[in-house]
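Take 36 as the starting number for the first sequence in the numbering used here and just add one per residue.
Built from N, CA and C at the ideal position, the CB exists for glycine as well.
Here the structure is laid out as structure tokens; the discussion comes afterwards.
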Amino acid sequence: MLEKDRQELRRALEAALLQAQAEGKLPAFSPPAFVLETPKEKEHGDLATNLALVSAGPARMAPRQVAEILREYLEQQPAVQELVGRIEIAGPGFINLFAREGWLARLFRAIETEGDRYGHSRADKPLRILLEYVSANPVGPMVVVNARAAAVGDCLANLYAALGHQVEREYYVNDAGHQADLFAASLNARYLQLAGRDVPFPEDGYPGEYVKEIAAEFLRSHPELVDLPEQERLAFFKIHGVDRMVELQQQELARFGVRFDRWFRERDLHRSGAVEDTLAYLRAQGALYDREGAVWFASTRWGDDKDRVVVKSDGSYTYLAADIAYHRDKYQRGYDRVIDIWGPDHHGYIGRMRAAVAALGYNPASFEVILLQLVTLLKDGQPVRMSKRAGEFVTLDELLDEVGKDAARFFFLMRSPSAHLDFDLDLARQQSEQNPVYYVQYAHARIASLFRQAEAAGVSLPRAAEVDAELLTEAEEVDLARKLAAFPEEVKLAGERQEPHRLTRYAMEVASLYHSFYAHHRILGSEPRLQAARLYLSHATRVVLRNCLTLLGVSAPEKM
RNA sequence: GCGCCUAUAGCUCAGGGGACAGAGCGCCGGCCUCCGGAGCCGGGUGCGCAGGUUCGAAUCCUGCUAGGCGCACCA
């Protein structure tokens, strides 16, 4: 059943309930929440609803009796008469709808018309959404958990856009804090050491090899820094060293196919006075107070566990102070929803940030945090220790060298964001030929190959209107077509629930159904009208696979 | 101590209060005159424990057990 049919039938169900109540066949109660979905078993129809089940309680009637009454009124609905061939009541009281003949032809026409937009939809209320993710400190390369955040954030942004929202992708660069100072000091030490000076490496510095490499670059391009006073040289590295690191991070992410609309610099917040302004605003609202030489944000008034320091007793700002200013900046830009993807170690931070949003006068419900669980990387069956401070980690670049962009992205998106992810490097490398991503891509390449064959034989893809879709009656054909019809519903669910892993699973299901169809039925060389119909089914599969993979950020190859 | 997350097949994980609990991997066995065998077909074991709510619970509630994480004038 097509997605727009589902929407219409949903309204028809609501109308049927209201009419039954108006005519006294059902008692008055407010319409309950119900689902109208594509059932798992095709014996349960093309769409199934639990409306009678959930109405039974408030109606104080037996579910099947409610279902019978609803069926009577459903049959009078124009949408039902147009789209539904048969209504069954089954099990405890499900109402199962079977599509009328002709639905598949309409599906083909929809796919032809919508093309690479098939699966997309128009939100009832299009929102301006700001999605911030990755936002790793600019003190080292992208590591695996950043890669997961990049894959998830990118996919979610794609999903929001596909649902008709206006979405912007943003990366917050913490280039003004303590970590940036440490990075500058590390760079400074390496620079001087490379210049032949015997200077100690800072105790808390970043020991990675990449620091030496960047230091070497600066020694070549700016040899004169050796003669600068220490403070000036450190200031130089804090700006230009961090900038260089950001460039390298951008290159790494670009290789991963992830790009941002904006790289927001914390540095700019301080320069523009936004932090002071924000604190002044909060002060004017009575949200700040002084205690023991520090300035506190009374976040408990907005539900936080305890009040938080924003200006330390030494006069410097806490990280939170800048972050509040940052989020104020976001809201001033006019977004309807502000969504951050954070690591699980930041969950204690949500309360204070939401309190800040509220204290700033914005609706705290519009601020949303997706907590992305960590990745455990396994190598030789052992967890790989990943610590920037110890200088041991697996970078995004290394991961891409090992498993490639498509496999990495697909793997990161196979799990729910809230689920911990085990990523066995050896397994991913050794079993790459049996990776789900290859299985899906293979289905796409296979269809592309099919059409190359067809082309060579002088057979071209027919217009959807010329296809006799009713010829597709084999189980494998019908199962595949039903799955293709469910794509827009899947996209909607994945986006609304912020669960990109639904798409990877869906892609695997489509690929599996296509492979099965392909193995059981001859396409080229069958009776011409059947051949045309099967070619169109193949084409439709190709469109859905491509659109799905595009949302995931995975390529859909013509050949492998 | 307080709070959050998790517990489903040998392993890694899906499961929107519903109709017989699924997938991938691994394991075993079949299938290549023929559109790509990176494929197809078949094979089996499971909801941590105990209560409760409900017509109906893997799903919601309570308690317990076992893991993980967080509770900074760090970022």
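Going by DSSP, name the residue or residues bridged to Ile374.
-> As a first step, residue 374 is located in the first sequence; it is residue number 339 there, counting from the start. Ile374 pairs with Leu166, Glu403.
Straight-line Cα distance separating Leu538 from Pro523 | Here residue 523 is taken as the residue at index 488 of the first sequence, counted from 1. Here residue 538 is taken as the residue at index 503 of the first sequence, counted from 1. If you take the alpha carbons of Pro523 and Leu538, they lie about 11 Å apart.
Could you check how far apart the C-beta atoms of Leu166 and Gly188 are, in whole angstroms? I think they sit under 8 Å.
-> Residue 166 sits at position 131 when you count from the first residue of the first sequence. Residue 188 sits at position 153 when you count from the first residue of the first sequence. Confirmed, about 6 Å.
Is Phe143 near Ala499, with beta carbons less than 8 Å apart?
-> As a working mapping, residue 143 is identified with position 108 in the first sequence. As a working mapping, residue 499 is identified with position 464 in the first sequence. A contact, by the Cβ cut-off of 8 Å.
Contact set for Leu53: own chain, Cβ-Cβ below 8 Å, skip 5 residues either direction = Against the first sequence, residue 53 aligns to sequence position 18. So the qualifying residues of the chain are Pro66.
Based on the DSSP secondary-structure assignment, which residues constitute the bridge partners of Glu531?
-> Taking the first residue of the first sequence as position 1, residue 531 is located at position 496. Glu531 pairs with nothing; no bridge assigned.
Under three-state DSSP, which class holds Asp233?
-> As a working note, residue 233 is residue 198 in the first sequence. Asp233: coil per DSSP, three-state reduction.
Excluding the 5 residues preceding and the 5 following Leu572 in the sequence, name in chain order all residues of the same chain whose CB lies nearer than 7 Å to its CB.
-> Numbered from its first residue, the first sequence carries residue 572 at position 537. For Leu572, where only same-chain residues beyond five positions count, the Cβ hits under 7 Å are Leu507, Glu512, Leu515, Ala516.
Proximal residues to Ala546 (C-beta, below 6 Å), its chain only, five neighbours per side dropped | Here the question's residue 546 lines up with position 511 in the first sequence. Correct list, in chain order: Tyr474, Val475, Ala478.
Would you mind reading off the limits of the beta strand (DSSP E) that contains Lys500?
-> In the first sequence, counting from the first residue as 1, residue 500 sits at position 465. Here the sequence assigns Ala to residue 500, which means Lys is not the residue at that position. Taken as a continuous stretch (DSSP letters only), Ala500 belongs to no beta strand (DSSP E), as it is neither H nor E.
Taking Cβ positions, are Tyr241 and Val180 nearer each other than 8 Å?
-> One-based indexing of the first sequence puts residue 241 at position 206. One-based indexing of the first sequence puts residue 180 at position 145. Contact flag unset, no.
Same chain only: Cβ atoms within 8 Å of Met403, ignoring 5 sequence neighbours per side = The residue you call residue 403 lines up with position 368 of the first sequence. Checking the displayed sequence, the identity of residue 403 turns out to be Glu instead of Met. Closer than 8 Å at the Cβ level, and outside the excluded window around Glu403, lie Arg372, Val373, Ile374, Asp375.
Go ahead and label Lys273 buried or exposed: buried means 16 or more other beta carbons lie within 10 angstroms of its beta carbon, across all protein chains shown.
-> Counting from one through the first sequence, the residue named residue 273 turns up at place 238. Answer is buried; the Cβ neighbour count reaches 16.
Which same chain residues, not among the five before or five after Tyr596, have their C-beta less than 7 Å away from its C-beta?
-> Nothing can be reported for residue 596, as the shown portion of the chain is limited to 36 through 595.
Taking the DSSP output, what are the residues bridged to Leu86?
-> By 1-based counting over the first sequence, the position of residue 86 is 51. Leu86 pairs with nothing; no bridge assigned.
CA-to-CA distance, Val438 to Ala463, given in whole angstroms = Position 428 of the first sequence, counted from the first residue, corresponds to residue 463. Position 403 of the first sequence, counted from the first residue, corresponds to residue 438. Roughly 7 Å separates the two Cα atoms.
Pick out whichever of Leu260, Gly120, Thr585, Ala270 has its Cα sitting closest to the Cα of Asp216.
-> Here residue 216 refers to the residue found at position 181 when the first sequence is read from its first residue. With distances taken between Cα atoms, Asp216 lies closest to Ala270.
To the nearest angstrom, report how far apart Glu534 and Gly493 are at their CA atoms.
-> Against the first sequence, residue 534 aligns to sequence position 499. Against the first sequence, residue 493 aligns to sequence position 458. Each residue's Cα considered, the two are about 43 Å apart.
Taking all protein chains shown into account, do 16 or more other C-beta atoms lie within 10 angstroms of the C-beta of Ser256, making it buried, or fewer, making it exposed?
-> Numbered from 1 along the first sequence, position 221 holds the residue referred to as residue 256. Burial call: exposed.
Express the C-alpha separation of Glu287 and Met388 in angstroms, rounding to a whole number.
-> As a first step, residue 388 must be located in the first sequence, where it is residue number 353. As a first step, residue 287 must be located in the first sequence, where it is residue number 252. Cα to Cα, Met388 sits roughly 30 Å from Glu287.
Hey, Val596 and Asn85: beta-carbon distance below 8 Å or not?
-> The structure shown does not extend to residue 596, since the chain is modelled only from 36 to 595, so the question has no answer here.
Do Leu395 and His536 have their C-beta atoms within less than 8 Å of each other?
-> By one-based count along the first sequence, residue 395 stands at place 360. By one-based count along the first sequence, residue 536 stands at place 501. For Leu395 and His536, no; Cβs fall outside 8 Å.
Buried/exposed call for Gln214, threshold 16 Cβ in 10 Å | Here residue 214 refers to the residue found at position 179 of the first sequence. Burial call: buried.
Evaluate contact between the stretch 221–236 and the stretch 309–327, counting only Cβ atoms and requiring at least three cross-stretch pairs below 8 Å.
-> no
Under 8 Å Cβ to Cβ from Pro379, same chain only, skipping five residues before and after it: list those, please.
-> To locate residue 379, count along the first sequence from 1; it is residue 344. Taken in chain order, the residues that qualify are Leu406, Leu407, Gln408, Leu409.
I think Arg481 touches Tyr553, with their Cβ atoms under 8 Å apart; what is that distance to the nearest whole Å?
-> Mapped onto the first sequence, residue 481 falls at position 446. Mapped onto the first sequence, residue 553 falls at position 518. Rounded, the Cβ-Cβ distance is 7 Å, consistent with contact.
Own chain, CB closer than 6 Å to Lys247, minus 5 neighbours either side, in chain order = Here the question's residue 247 lines up with position 212 in the first sequence. Closer than 6 Å at the Cβ level, and outside the excluded window around Lys247, lie Arg225.
CB-CB under 6 Å to Ala125, same chain, minus the five flanking residues each way: which ones, in chain order?
-> As a first step, residue 125 must be located in the first sequence, where it is residue number 90. Once the five neighbours on either side are set aside, the close Cβ partners of Ala125 are Asn131.
First and last residue of the uninterrupted alpha helix (DSSP H) at Ile482 = As a working mapping, residue 482 is identified with position 447 in the first sequence. Unbroken alpha helix (DSSP H) run through Ile482: 471–491.
Assuming Leu61 and Ile104 form a contact by the criterion Cβ under 8 Å, report the distance between their Cβ atoms to the nearest whole angstrom.
-> Residue numbering aside, residue 61 sits at position 26 when the first sequence is read from its first letter. Residue numbering aside, residue 104 sits at position 69 when the first sequence is read from its first letter. Confirmed, about 6 Å.
Contact set for Gly292: own chain, Cβ-Cβ below 8 Å, skip 5 residues either direction = Within the first sequence, numbered from 1, the residue matching residue 292 stands at position 257. Excluding residues within five positions, the ones whose Cβ falls inside 8 Å are Asp189, Lys440, Arg444, Gly588.
Would you mind reading off the limits of the beta strand (DSSP E) that contains Ile124?
-> Here residue 124 refers to the residue found at position 89 when the first sequence is read from its first residue. Counting along the chain, the beta strand (DSSP E) containing Ile124 begins and ends at 119–125.
Is Tyr354 helix, strand or coil by DSSP?
-> To locate residue 354, count along the first sequence from 1; it is residue 319. Helix.
Per DSSP, what kind of secondary structure is Thr411 in: helix, strand or coil?
-> By 1-based counting over the first sequence, the position of residue 411 is 376. Here Thr411 sits in strand by DSSP.
Whose CA, out of Glu43, Pro176, Asn209, Ala220, lies closest to the CA of Gln266?
-> Here residue 266 corresponds to residue number 231 of the first sequence, with the count starting at 1. Selected option, being the one with the closest Cα: Ala220.
Test item: CB-CB of Ala211 and Ala357 under 8 Å = Position 176 of the first sequence, counted from the start, is the residue given in the question as residue 211. Position 322 of the first sequence, counted from the start, is the residue given in the question as residue 357. Result yes, Cβ atoms of Ala211 and Ala357 sit closer than 8 Å.
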